[in-house]
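In what follows, a single structure is set out as structure tokens and then discussed.
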Amino acid sequence: MRISRIGALALLGSLAMGGALWAFAQSAEGVPTVAAIPALPAVAVPGSPAETRLSFSPVVRKAAPAVVNIYTKTFVQQRLHPFAGDPLFDEIFRRRFGRPPTARGEQNSLGSGVIVDPSGIVLTNAHVVGGADEITVALADRREFPAKILISDEASDLAVIRIQDAPALPALEFGDSDALEPGDLVLAIGNPFGVGQTVTSGIVSAVMRANDDGQVYVQTDAAVNPGNSGGALVDMQGRLVGVNSAILSRSGGFQGIGFAIPANLARRAVEAAAAGARRLEQPWGGIAIEPLTAAQAARLGLGEAPTGVSLIRLHPESPFGRAGLKAGDVILSLDGLDVHDEPSARYRFQAKPIGTPAQVVYLRDGERRSAAVERDAAPKAGAPRLVEIDGRTPLSGMVVVELTPALAASIGLSEAEAGVVVQDEGYGPGARLGLRAGDLLIDVNGRRIGAAEDLARALEEAPALWRITARRGERTLEFQARMR
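My numbering applies: residue 404 is where the sequence shown begins, and numbers increase by one.
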């Protein structure tokens, strides 16, 4: 018997009968009908205090002994007089007081760290230990040991130190930070403000959160404050999933947004230290990429939600190019994990060490393809070669330098760039033309500029009308000049 729309909406009431809820309605023929709604499950009353207790203490008991406090001392020379440093004044001061007008001062700092190997290997932030002259590690049981730096990498803000003369110590195992999802429960353990070991709880607020320089973090709302740096972010199994590193704050204190370096990247620093490396060398991809828009993703048949990154340019020595990828391809995943933007793609590529192939899935002409891309070190290069341009050309008076991967990174250029960049525009024709320091020279009079030798040959020509193409950020600029 069908129920009309009006009858279905005209619920007259409900009645509890036999453990079920009953709803009455009027059928199309005017005959009352009864529809049964399943009974709600029985609610059990807690039978003991233990059943009413919800606590993170089992996780804390497992993880906290491996989280340490780190105290550092750095010795600096302090000036005792404004004229200190002047040779004549220093000599007069020394004759009068028997010592130079400087004294050794001491700067102290504190932070946190995590023991990741029972032999005494401790993971922390590079900004915690910096260039410290003395490092002391205090365990959770208040024992103290000296330590020395094995690796300190400012780019990733990771440092690995070793506790000296320590017995077998409690250590945290690494968790898989790539398996984290927003909403997962986490604990932050560290030494905020030097008050002693402190535990705070929260959730993962976001993953793959990038800052201005492209570093990727796990974002959490577990409270972290100054002194928590280098401490542990652990999951509900007591595994290390992040190294607490920074907060976003207008007051200097915690305001609900904390950042931790993913454990999968931190593990690489530990492995590099174990292999005897003095620094963390990152794989180099040599590519420039941009995220797909929703419209681009729809045109490519990827659905409405944009995923993947488009290859814009490749360095001539890029391992992606050697594996067969080219500009215009769309990278969908690295090692089975989706990529959405430049920071996430870089992180996925750098999460494993040099020499490990990356399994790349990409799209070309509507067809999904795959390739194994070797994780290589950046091409080796000597010191950047500066060239001052002279003669009668539109670029005379400028200082240019042949680009290296390290120089490109330091001046904010993409790692895909190769060629010659303006170091100093000077005061000659080049400056009046509109070129600026940081501009990448792409083409001069139809000759592609890939190296300083290419530019030298282009400048030997003497056309009536000079045409120069340069790139400034993502803008391509065209210049023209006539030389009389």
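C-beta atoms are modelled at their ideal positions from N, C-alpha and C, and glycine is treated no differently.
Can you tell which of E576, A680, H743, A698 has its C-alpha closest to the C-alpha of T710? Walking along the sequence shown from the start, residue 710 turns up at place 307. That would be H743, whose Cα lies nearest to the Cα of T710.
Less than 7 Å separating the beta-carbons of S515 and G633? Taking the sequence shown and counting its residues from 1, the one referred to as residue 515 is at position 112. Taking the sequence shown and counting its residues from 1, the one referred to as residue 633 is at position 230. In this structure, G633 lies closer than 7 Å to S515 by Cβ.
Give the single residue among V823, V471, E856 whose Cα lies nearest to the Cα of G630. Position 227 of the sequence shown holds residue 630. If we check each option's Cα against that of G630, V471 comes out closest.
Pick from V563, E684, L588 that is closest to R638, judged by C-alpha positions: Indexing the sequence shown from 1 puts residue 638 at position 235. Looking at the sequence provided, one finds Asp at residue 638 rather than Arg. Nearest of V563, E684, L588 to D638, Cα basis: L588.
Should A571 go down as buried or exposed, given a rule of 16 or more other Cβ atoms within 10 Å for buried? By 1-based counting over the sequence shown, the position of residue 571 is 168. Classification of A571: exposed, given that the 10 Å Cβ count is below 16.
Does the region 680-696 come within contact of the region 644-657, defined as at least 3 CB pairs closer than 8 Å? no
So does the region 611-623 actually touch the region 538-549, counting three or more Cβ pairs closer than 8 Å? no
Residue range of the alpha helix (DSSP H) that Y750 falls in? If you number the sequence shown from 1, residue 750 lands on position 347. 745-753 is the span of the alpha helix (DSSP H), which, as asked, contains Y750.
Please return the same chain residues whose Cβ sits closer than 8 Å to the Cβ of D556, not counting the five positions on each side in sequence. Walking along the sequence shown from the start, residue 556 turns up at place 153. Result list for D556: A529, A562, A672, R682, L683, in chain order.
If you count every other CB in all the chains shown that lies within 10 Å of the CB of A697, and 16 or more means buried, which is it? Translated into the one-based positions of the sequence shown, residue 697 becomes position 294. Exposed, because fewer than 16 other Cβ atoms sit within 10 Å of the Cβ of A697.
Per DSSP, the bridge partner or partners of K476: Position 73 of the sequence shown, counted from the first residue, corresponds to residue 476. Bridge partners of K476: N511, E537.
Could you check the C-alpha separation between S721 and A819 for me, to the nearest Å? Indexing the sequence shown from 1 puts residue 721 at position 318. Indexing the sequence shown from 1 puts residue 819 at position 416. Approximately 8 Å between the Cα atoms of the pair.
Considering only DSSP beta bridges, list what T807 is partnered with. Looking up residue 807 in the sequence shown gives position 404. According to DSSP, which records beta bridges pairwise, T807 is partnered with nothing at all.
Rounded to the nearest angstrom, what separates P585 and V621 at their Cα positions? As a first step, residue 585 is located in the sequence shown; it is residue number 182 there, counting from the start. As a first step, residue 621 is located in the sequence shown; it is residue number 218 there, counting from the start. Computed Cα separation, rounded: 9 Å.
According to DSSP, is P461 part of a helix, a strand, or is it coil? On the sequence shown, residue 461 is found 58 positions in, with the first residue counted as 1. Three-state DSSP puts P461 in a helix.
Local Cβ density within 10 Å of S460, reported as buried at 16 or more and exposed below that: On the sequence shown, position 57 is the one that residue 460 refers to. So S460 ends up on the exposed side.
When the Cα of I473 is compared with those of Q883, G706, G593, which residue comes out closest? Your numbering for residue 473 matches position 70 in the sequence shown. Of the listed residues, the one whose Cα sits closest to I473 is G593.
For L668 and I871, what's the separation of their Cα atoms in angstroms? To locate residue 668, count along the sequence shown from 1; it is residue 265. To locate residue 871, count along the sequence shown from 1; it is residue 468. Taking the straight line from one Cα to the other gives about 42 Å.
Report the option in L880, R860, P665 whose CA atom is closest to the CA atom of S747. As a first step, residue 747 is located in the sequence shown; it is residue number 344 there, counting from the start. Taking S747 as reference, the option from L880, R860, P665 with the minimal CA-CA separation is P665.
Looking at C-alpha atoms only, which residue of S813, S773, A811, Q685 is the closest neighbour of Y896? No answer is possible for residue 896: it lies beyond the span of the chain, which begins at 404 and ends at 887.
Could you check whether A582 and G523 sit closer than 7 Å to each other, using their CB atoms as the reference points? The residue labelled residue 523 in the question sits at position 120 within the sequence shown. The residue labelled residue 582 in the question sits at position 179 within the sequence shown. No, the Cβ-Cβ distance between G523 and A582 is not below 7 Å.
For the beta strand (DSSP E) holding G605, just list the boundary residues, first then last. Residue numbering aside, residue 605 sits at position 202 when the sequence shown is read from its first letter. Annotation: the continuous beta strand (DSSP E) that includes G605 extends over 601-613.
Taking the C-alpha atoms as reference points, what is the distance between L868 and R788? Taking the first residue of the sequence shown as 1, we reach residue 868 at position 465. Taking the first residue of the sequence shown as 1, we reach residue 788 at position 385. Near 28 Å, if we compare the C-alpha coordinates of R788 and L868.
Which runs of the beta strand (DSSP E), 3 residues or longer, sit entirely within the region 539-609? 547-556, 561-566, 588-593
Any idea what DSSP makes of N628, helix, strand or coil? By one-based count along the sequence shown, residue 628 stands at place 225. DSSP places N628 in coil when its eight states are reduced to three.
Mind checking which residues open and close the alpha helix (DSSP H) that includes R725? On the sequence shown, residue 725 is found 322 positions in, with the first residue counted as 1. That run of the alpha helix (DSSP H) goes 722-725.
Quick one: is D579 buried, meaning 16 or more other Cβ sit within 10 Å of its Cβ, or exposed? Taking the first residue of the sequence shown as position 1, residue 579 is located at position 176. Burial call: exposed.
Please state the DSSP three-state secondary structure of E856. Within the sequence shown, residue 856 is the residue found at index 453, counting from 1. Three-state DSSP puts E856 in a helix.
Express the C-alpha separation of R851 and D857 in angstroms, rounding to a whole number. Mapped onto the sequence shown, residue 857 falls at position 454. Mapped onto the sequence shown, residue 851 falls at position 448. Between D857 and R851, the C-alpha separation is close to 7 Å.
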